[in-house]
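In numbering that gives the first Met the number 0, the protein residues as written are 0 to 156.
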Amino acid sequence: MRKNLTPADRALWRDVLRWPESCEQGYQESYPNEERYSGLEFHRLGRGRYLVEVTCDGGGIQPGAVFMLYDGRRARSLKLRGFEGETEVRALAGFNQRRRELSLMSKADAMGTCGLFVRYSFAGGLLRVVEARRQDDCGNPDGTPDTDRWPRVRLKE
Numbered sequence: 000m001r002k003n004l005t006p007a008d009r010a011l012w013r014d015v016l017r018w019p020e021s022c023e024q025g026y027q028e029s030y031p032n033e034e035r036y037s038g039l040e041f042h043r044l045g046r047g048r049y050l051v052e053v054t055c056d057g058g059g060i061q062p063g064a065v066f067m068l069y070d071g072r073r074a075r076s077l078k079l080r081g082f083e084g085e086t087e088v089r090a091l092a093g094f095n096q097r098r099r100e101l102s103l104m105s106k107a108d109a110m111g112t113c114g115l116f117v118r119y120s121f122a123g124g125l126l127r128v129v130e131a132r133r134q135d136d137c138g139n140p141d142g143t144p145d146t147d148r149w150p151r152v153r154l155k156e
């Protein structure tokens, strides 16, 4: 997959991937005169499969996005544990290509000292939660954005 896709590329990929209209509307409102930023990232998972991150809007403290699997023939939206019931995931995303891991940090405050952190693996072709941490105490003066220091949690099936 090409890097540095344009908004014109986004329009072509929308016909293929078919992300929700609400996501596209949010992108158009957030980036009305954009000429270079497509809001699309393709992360190679192997065997012709890709994790596609579709930015929906810039958000206040974190963007909204839809995550999809694409195998060259069809695409499907991912249901990510920890973000059930959300059409668009509100989180800062990172992808470790070598490990094939997606990390999502959903901040509950602007400083990032509380919220939900989930790391997912696509190793072996299956999506699974590797680690989940949550910090609910947003008012703690000793709060830290270091998610390694947050309590581990078990996400509901």
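Even for Gly, the Cβ is constructed at its ideal location relative to N, Cα and C.
*Contact between the region 30 to 38 and the region 80 to 97: three or more CB pairs below 8 Å?*
A contact is defined here as three or more CB-CB pairs under 8 Å, and the region 30 to 38 fails this definition with respect to the region 80 to 97.
_In whole angstroms, give me the CA-to-CA distance for R118 and P31._
So the alpha carbons of these two residues sit roughly 32 Å apart.
*Near A122, which residues of its chain fall below 6 Å by C-beta distance, leaving aside the five closest residues on each side in sequence?*
Spatial neighbours of A122 in its own chain (CB-CB distance under 6 Å, excluding positions within 5 residues in sequence) are listed in chain order as R99.
*Could you tell me if M67 is buried or exposed, where buried requires 16 or more neighbouring beta carbons within 10 angstroms of its beta carbon?*
It counts as buried.
*asked:* Measuring straight from C-alpha to C-alpha, what distance separates L77 and V65?
replied: Approximately 8 Å, taken between the alpha carbons.
*Whole-number beta carbon distance between R17 and A74, since they are thought to touch under 8 Å*: The Cβ separation is near 7 Å, so the contact holds.
_Which residues does DSSP list as the beta-bridge partners of S76?_
Paired residues: M67.
*On a CA-only basis, which of R97, V128, G63, L103 is nearest L154? Give me that one, please.*
Of the listed residues, the one whose Cα sits closest to L154 is V128.
_Segment limits, beta strand (DSSP E) that includes Q134_ = Its beta strand (DSSP E) spans residues 127 to 134.
*Using alpha carbons as the reference points, say which of L39, R89, S120, G138 lies closest to N95.*
Residue S120 is the option with its Cα nearest to N95.
*For G123, which of helix, strand or coil comes out of DSSP?*
Looking at G123 - three-state DSSP - the assignment turns out to be helix.
*If you draw a straight line from the C-alpha of D14 to the C-alpha of G57, how long is it?*
One Cα belongs to D14, the other to G57, and the distance between them is close to 22 Å.
_Would V51 and Y69 qualify as a contact pair, given that the criterion is a beta-carbon distance under 7 Å?_
Their beta carbons are under 7 Å apart, which means V51 touches Y69 by this criterion.
*Can you tell me where the alpha helix (DSSP H) with D8 in it begins and where it stops?*
Annotation for D8: the continuous alpha helix (DSSP H) segment containing it runs 6 to 16.
*How many Å lie between M104 and R72 at the Cα?*
Straight through space, the alpha carbons of R72 and M104 are spaced by roughly 30 Å.
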